[in-house]
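I have placed the structure first, in the form of structure tokens, so that the comments after it can refer back to it.
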Amino acid sequence: MALQDEYTQLLYHLLPEGPAWDGENPLIEGLAPSLNRVHQRADELMAEIDPARTTEL
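If you count the sequence shown from 1, you need to add 191 to reach the working numbering.
What follows is the structure in structure tokens.
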């Protein structure tokens with residue numbers, strides 16, 4: 192399962208039960224890619240911890 196799909200599923204599980212939240216939710220579908228990008232960027236920045244491998248300074 193792709194990370195974006197995992198974030199989508201996680202966000203849907205945070206919604207309360209009820210008919211107002213049934214079906215697709217454009218807000219959730221829009222937030223998942225953003226969370227995915229933040230996650231990937233955080234992973235990339237972990238390489239910057241090592242001064243010998245720093246490329247962004």
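Note that the Cβ used here is the ideal one computed from N, Cα and C, for glycine as well.
For T199, does the count of other Cβ atoms within 10 angstroms reach 16, so buried, or fall short, so exposed? By the neighbour-count rule (16 or more Cβ atoms within 10 Å), T199 is buried.
Straight-line Cα distance separating N227 from E220: When rounded, the distance between both Cα atoms is 11 Å.
Check this for me: beta carbons of A238 and R244, under 7 Å apart or not? Against a cut-off of 7 Å, the Cβ pair of R244 and A238 comes out as a contact.
Determine the DSSP secondary structure at P224, reduced to helix, strand or coil. Correct three-state label for P224: helix.
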